[in-house]
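Residue numbers 0 to 329, in numbering that gives the first Met the number 0, belong to the letters of the sequence shown in order. Inspection log for the structure reproduced underneath, given as structure tokens.
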Amino acid sequence: MPDPLLELRNVSKVYGDPETGVVALHDFSLTIDRDKPEIVTVAGESGSGKSTLANLVLGFVRPTSGTIRFDGRDIVAASPGDHRDYYRDVQAVFQDPFSSYNPFYRVGHVFDTVIRNFGLAGDRAKARDMVEDGLNAVGLKSVDVLRKYPHQLSGGQRQRIMMARAYLVKPRLIVADEPVSMVDVSLRSSILDVMTRLRDEDGISFIYVTHDLSTAYQVGDRIVMFYQGTLVEEGWATEVLSGPKHPYVRLLIESVPRPDPGARWEGEIQLPEEAMQQKARLTGCRFVPRCPYAMKACSDELPPMHAVGTSGHRVSCVLYGPGHDAAGRS
Ligand code: ADP
Ligand code: MG
């Protein structure tokens, strides 16, 4: 078996004191295969740990426990030399592309910098071709954008340029943390389409972070859903979103209109702000205070992931464990 592209094993992140700090991510595991590029959607309310996960994968945050391997290499223990390769293979696209631009430089500077830093092109002609290529991949033309200043572009254009910049490096994984949440609803689809195309044509995998479930309907191959730093449900996005099992996910999804999967969905399904701050000492399911099915066992320990259906659909809820047949299932 070749090493997976990305493998997180039992990764936890506690900010602050290990006893009393915030558990931003609890015991999370994820594998992305090397030869099956895919878009993994990471969904959850604000504060549920999505950015922490993104930053762990990007190497910006160190796990409190657990291991993160990319292409078989431990990225936490990696030497600075290894990191160089890593930063080429794994690129980031963030929520606010403005923050990634220097307002005093023209957009072309973004590309000049990345080409220089990674030594991507031998000469100017080659560089020009690469940039044109990258911009075309995201549906832009160099004549329209390169000589402009960041404020002269729309949010959608800025975000596409960040995607083109990431693409230029020919990474194997792009971690996109809320890449469309500051883009007009009407333009979101086209940016999500770019991700799908880069997956299919260039074999790039994505970790796509969102708090807007409507976009998950549109992209996700797989979805992982978080509640207060814990994984509550995972599986194929179509299966999870059309037949959610965890009481929290059911509550979320049943309370919103379901888009027609065949149609372009231009609404928003905003997840609410996280209700409670996480407690460091984790005992039991974090949804207990809001769960209509909560029973004693739920407070005693965090339920393991139970398989439901076939294809990797799993849910962390005692209702799907042994001895709890039909109760609460839909
Ligand atoms: P999301 O991206 O889903 O909104 P985050 O990963 O940003 O969630 O945050 C998860 C939790 O960790 C939140 O309770 C947040 O306040 C906390 N947190 C995030 N970053 C830090 C930090 N650098 N120091 C302390 N707490 C943090
Ligand atoms: Mg975030």
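Glycine is no exception: its CB is placed at the ideal position from the N, C-alpha and C atoms.
Inter-segment contact for the segment 224–243 and the segment 193–201 is absent: fewer than three beta-carbon pairs are separated by less than 8 angstroms. With the rule of 3 Cβ pairs closer than 8 angstroms, the segment 4–12 counts as touching the segment 27–43.
For G65, the Cβ stays outside the 7 angstroms cut-off from all heavy atoms of the ligand ADP.
Under the three-state reduction of DSSP output, M0 falls in the coil class, being neither helix nor strand.
Distances from the alpha-carbon of V41 to those of E253, R221, P291, V89 put R221 closest. Non-local C-beta neighbours of M304 in its own chain, meaning closer than 6 angstroms and more than five positions away in sequence, comprise R313, S315, ordered along the chain.
Counting every other CB atom within 10 Å of its CB across the protein chains shown gives R61 a total below 16, marking it as exposed. A check of alpha carbon separations from Y292 across A306, S310, Y319, S189 identifies Y319 as the nearest. Annotation for M162: the continuous alpha helix (DSSP H) segment containing it runs 154–167. In summary, T309 is exposed, with fewer than 16 beta-carbon neighbours lying within 10 Å of its beta-carbon over all protein chains present.
For K169, the shortest C-beta to heavy atom distance toward the ligand ADP is 7 angstroms or greater.
Here Q94 has D176, E177, P178, S180, M181 as same chain residues with Cβ atoms under 8 angstroms from its own Cβ, once five neighbours each way along the sequence are excluded. In this model, Q217 and L191 are separated by some 8 angstroms (Cα to Cα).
By the neighbour-count definition (other C-beta atoms within 10 Å, threshold 16), S213 is a buried residue. Counting only the Cα atoms, P302 lies some 21 angstroms from W235.
P1 counts as exposed, since fewer than 16 other beta carbons sit within 10 angstroms of its beta carbon.
A heavy atom of the ligand ADP is found nearer than 7 angstroms to the CB of A23.
Between the segment 103–123 and the segment 152–172 there are three or more inter-stretch CB-CB distances shorter than 8 angstroms, so the stretches are counted as touching. DSSP places R68 inside the beta strand (DSSP E), whose first and last residues are 64–69. Relative to the Cα of V174, the nearest Cα in the group T209, P149, L152, P17 belongs to T209. Rounded to the nearest whole angstrom, the C-alpha separation of L251 and V39 is 19 angstroms. Around the ligand MG, the residues selected by a Cβ distance under 7 angstroms to any of its heavy atoms are S45, K49, S50, D176, E177, V208, following chain order. In the DSSP annotation of this structure, V60 is not part of any alpha helix (DSSP H), being labelled neither H nor E.
Shortest gap from the CB of S241 to any heavy atom of the ligand ADP: 7 angstroms or more. Classified as buried, P246 has 16 or more neighbouring CB atoms from the shown chains inside 10 Å of its CB.
In terms of side-chain proximity, the C-beta atom of G43 is found nearer than 7 angstroms to a non-hydrogen atom of the ligand ADP.
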